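Counting from 1, position 394 in the sequence shown corresponds to residue 394 in this note's numbering; the numbering is continuous, with no gaps.
Every residue, glycine too, gets a C-beta built ideally from N, C-alpha and C.
This one's a predicted model, so the numbers in the text were calculated from it and none came from an experiment.
One structure is given here, and the rest of the page talks about it.
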Amino acid sequence: MDRRAVWAIILMMVIAILPAIFLRRPPARPPGAAPADSSAVPRPAPEAAAPKPAPLPAAQAADTARPARDTAQPAAAAETVHVVSPLYAYGVSTRGARLVSAELARYRSMAPNERGEPAELLRPGSDLLATTLVLERDTIRLDDWTFTPSTDSLPVQGGPARLGLTAQRGHIGVELTYTFVPDSYRVYVRGHVSGVGPNGGLLLVGMGPGLANTEADSNENHRALAIVTKQNDAKRTDFSSLEPGEPKTLSGPFDWVAIKSKYFTTAVLAFDSTGGRITGVTAVAPPDAGKRPSSAAIHASLPVTASGDFSYSVYAGPLEHDRLRAIGHDFDDVNPYGWPGFRTLIRFFAVPTRALLVWMHDHLGIAYGFGLIIFGILVRVLLWPLNQKAMRASMAMQAIQPLVKEIQDRYKEDPQRMQQEMFRLYKEHNVNPFGGCWPMLLPMPVLFALFFVFQNTIELRGTSFLWLPDLSRPDPYYIIPLIMGVSMFALSKVGQLGMEPNPQMKMMLYVMPAMMTFLFLNFASGLNLYYAVSNIASVPQQYLLARERMRRNVAAPAPAPPPAQAEVRTKPQRQRRRR
Numbered sequence: 001m002d003r004r005a006v007w008a009i010i011l012m013m014v015i016a017i018l019p020a021i022f023l024r025r026p027p028a029r030p031p032g033a034a035p036a037d038s039s040a041v042p043r044p045a046p047e048a049a050a051p052k053p054a055p056l057p058a059a060q061a062a063d064t065a066r067p068a069r070d071t072a073q074p075a076a077a078a079e080t081v082h083v084v085s086p087l088y089a090y091g092v093s094t095r096g097a098r099l100v101s102a103e104l105a106r107y108r109s110m111a112p113n114e115r116g117e118p119a120e121l122l123r124p125g126s127d128l129l130a131t132t133l134v135l136e137r138d139t140i141r142l143d144d145w146t147f148t149p150s151t152d153s154l155p156v157q158g159g160p161a162r163l164g165l166t167a168q169r170g171h172i173g174v175e176l177t178y179t180f181v182p183d184s185y186r187v188y189v190r191g192h193v194s195g196v197g198p199n200g201g202l203l204l205v206g207m208g209p210g211l212a213n214t215e216a217d218s219n220e221n222h223r224a225l226a227i228v229t230k231q232n233d234a235k236r237t238d239f240s241s242l243e244p245g246e247p248k249t250l251s252g253p254f255d256w257v258a259i260k261s262k263y264f265t266t267a268v269l270a271f272d273s274t275g276g277r278i279t280g281v282t283a284v285a286p287p288d289a290g291k292r293p294s295s296a297a298i299h300a301s302l303p304v305t306a307s308g309d310f311s312y313s314v315y316a317g318p319l320e321h322d323r324l325r326a327i328g329h330d331f332d333d334v335n336p337y338g339w340p341g342f343r344t345l346i347r348f349f350a351v352p353t354r355a356l357l358v359w360m361h362d363h364l365g366i367a368y369g370f371g372l373i374i375f376g377i378l379v380r381v382l383l384w385p386l387n388q389k390a391m392r393a394s395m396a397m398q399a400i401q402p403l404v405k406e407i408q409d410r411y412k413e414d415p416q417r418m419q420q421e422m423f424r425l426y427k428e429h430n431v432n433p434f435g436g437c438w439p440m441l442l443p444m445p446v447l448f449a450l451f452f453v454f455q456n457t458i459e460l461r462g463t464s465f466l467w468l469p470d471l472s473r474p475d476p477y478y479i480i481p482l483i484m485g486v487s488m489f490a491l492s493k494v495g496q497l498g499m500e501p502n503p504q505m506k507m508m509l510y511v512m513p514a515m516m517t518f519l520f521l522n523f524a525s526g527l528n529l530y531y532a533v534s535n536i537a538s539v540p541q542q543y544l545l546a547r548e549r550m551r552r553n554v555a556a557p558a559p560a561p562p563p564a565q566a567e568v569r570t571k572p573q574r575q576r577r578r579r
């Protein structure tokens, strides 16, 4: 996880909790491109139904430790079959029948040397779809075989289109059929290998070396590089966790295996294959990769039946939540919101928030920037009653502070009795000591959710608003973080009207806005926009509550002297009378 995110979470919790502590006198407790937003392209439809592979019998895995058979022959020059649809332009090489290019027509690269060009997912030397056949006695690399294609080019329009590829060496023959769908980024693969033998075999499908950089911030894109596998649940293995030169094995069976960057992914899916699921994954970073590898040789293993048949599918495209979810088997978890332990809570807010912003953009024609402004105001309006209740609970606590102080002084040597008397006091005055705290925490999950929405939602990638060139990137002029900091200061200043000044309040007034502004300087400008709007929308309520507090302070009578102090004053008088 990015260290900035960790600090953001800590300081967000601080800013949520400390005002409830320091802005009143608490009782002591006993010990114990996409194009710009205005012209954004329409969102593609969810995954269409795709042709299903024919039923295949179960396969028995073969030994993968045998050396590759030497079948070297003079190789013909490799050619590339171009497969073009409205969504993509894939390139399939006749050398190894592998996918060597995957350009996405609806997304543009933001990398400095390729800015404005169609986003290319694959690096040079990609071996996606390249295979190695492991039989009982041999390991045969098919990635250097020259396949004969059924066509030189393949337009994909109106319905599925199929590309046949065949190759033969000795008694081993390979027949492949790639099926492309015009409105889907999935490639359906069916294959047959002759001469496999009665025990079947194993197919190693290449997925390396990783994804190409498509973003302006290559370091951020690098941090997002990961292998994601789905067994019972999705598990992420970051590229940076791989040890250079040391193989890392992930044991299946898996429904799917994906390589992801910040906004794109390539994946092998086998949950709809009757031949069997993915049995495992191996990843080896180059020996000279350094401490944070950005590439690796990655292979997913699938069974080959005794008849020599196998099937699976490959996804090479954007991390569009609706499209991934339509595929099923929790494939949308390849791009999770949040992190283990908090993911369920954050997804509860992040998924509806993303859906609402996208719906307003797609159906109402509202730019994402204006959608964020509307959303920020809407959240504050919905939380108005809870915030009202919280602030009034805080004022009630302030009203009984003299009685609280009396109990603390009287029972300071007996913490248990102090606690009992405090609970009795709260009950008599119908005061909840924590009533002013928990409503202030409710906006925080939304803020956390938006942090991940802007980090991972491809619909917001490259969308502009006013002077902001990209809502998913920091403001290059640092204007919106400064507006956020000023709004935070104004909100705190108004909220302190009618309160007795103290050092803690002064610290909160000046230090916290400055700290949060500094922290948010390099966060997504959309997140800063939402936070600034949320603060500004809260000022009227804070002002009304401050006026109510001042009226209560004027109407409240001066507290009577505590009984304990009266006893102290009368004791010398009793002693004089005895004399």
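- Boundaries for tyrosine 478: no alpha helix (DSSP H) harbours it, and the DSSP string shows neither H nor E there.
- Apart from the 5 residues on each side of it in sequence, serine 538 sits with its Cβ closer than 7 Å to the Cβ of Arg380, Leu491 in its chain, given in chain order.
- Given a length threshold of 4 residues, the region 148 to 190 has no whole run of the alpha helix (DSSP H) inside it.
- A Cβ-Cβ distance of about 7 Å is found for the pair valine 81 and threonine 151, placing them in contact under the 8 Å criterion.
- Using a Cβ distance threshold of 8 Å, alanine 258 and leucine 121 do not count as a contacting pair.
- Aspartate 362: member of the alpha helix (DSSP H) spanning 343 to 364, first to last residue.
- In its chain, beyond the 5 residues on either side, Lys235, Leu250, Phe254, Val257 have a beta carbon closer than 6 Å to the beta carbon of threonine 229.
- Sixteen is the threshold: when 16 or more other Cβ atoms of the shown chains lie within 10 Å of the Cβ of glutamine 541, as they do, the residue is buried.
- Under DSSP, valine 486 takes part in no beta bridge, so it has no partner.
- Following the DSSP letters along the chain, one finds alanine 326 in no beta strand (DSSP E) but inside the alpha helix (DSSP H) bounded by residues 321 to 327.
- In this chain, alanine 524 is not harboured by any beta strand (DSSP E), its DSSP state being neither H nor E.
- Around the Cβ of threonine 353, a 10 Å sphere holds 16 or more other Cβ atoms; the residue is buried.
- Restricting attention to Ala78, His329, Ala514, the CA atom closest to the CA of glutamine 231 is found in His329.
- Note that the region 107 to 119 does not touch the region 127 to 145; fewer than 3 beta-carbon pairs, one per stretch, sit closer than 8 Å.
- The residues Thr132, His299, Ser301, in chain order, have a CB closer than 6 Å to that of leucine 204 in the same chain once the five nearest residues on each side in sequence are set aside.
- For tyrosine 531, the closest alpha carbon among the candidates Gly376, Leu425, Leu386, Tyr411 is that of Gly376.
- Distances from the CA of phenylalanine 489 to each of Pro513, Lys506, Leu468, Gly495 were compared; the closest alpha carbon is that of Pro513.
- Annotated as proximal: valine 189 and leucine 176, with beta-carbon spacing under 8 Å.
- In the DSSP assignment, isoleucine 259 is bridged to Ile227, Thr266.
- At the C-beta level, leucine 165 and alanine 97 come within 8 Å of one another.
- Boundaries of the alpha helix (DSSP H) around glycine 371: 368 to 382.
- Note on serine 184: 16 or more other CB atoms within 10 angstroms of its CB, so buried under the neighbour-count rule.
- With respect to the C-alpha of aspartate 309, the residue from Thr237, Val174, Asp288, Val351 having the closest C-alpha is Val174.
- Straight through space, the alpha carbons of aspartate 127 and isoleucine 480 are spaced by roughly 43 Å.
- Cα atoms of lysine 291 and leucine 242: separation of roughly 9 Å, rounded to the nearest angstrom.
- Distances from the alpha-carbon of glycine 191 to those of Gln408, Pro303, Ile366 put Pro303 closest.
- In the three-state reduction of the DSSP assignment, threonine 517 falls in the helix class.
- For the pair threonine 146 and alanine 130, the Cα-to-Cα distance works out to about 12 Å.
- Note that the C-beta distance between alanine 283 and proline 244 is not below 8 Å.
- In this structure the region 346 to 362 does not touch the region 471 to 479; the number of beta carbon pairs closer than 8 Å is below three.
- The DSSP-derived three-state label of alanine 111 is coil.
- Between the alpha carbons of aspartate 362 and serine 464 lies a distance of about 16 Å.
- Here threonine 266 is not near leucine 319, since their CB atoms are 8 Å or more apart.
- The Cβ atoms of valine 314 and valine 187 sit closer than 8 Å to each other.
- The beta carbons of alanine 297 and proline 209 sit closer together than 8 Å.
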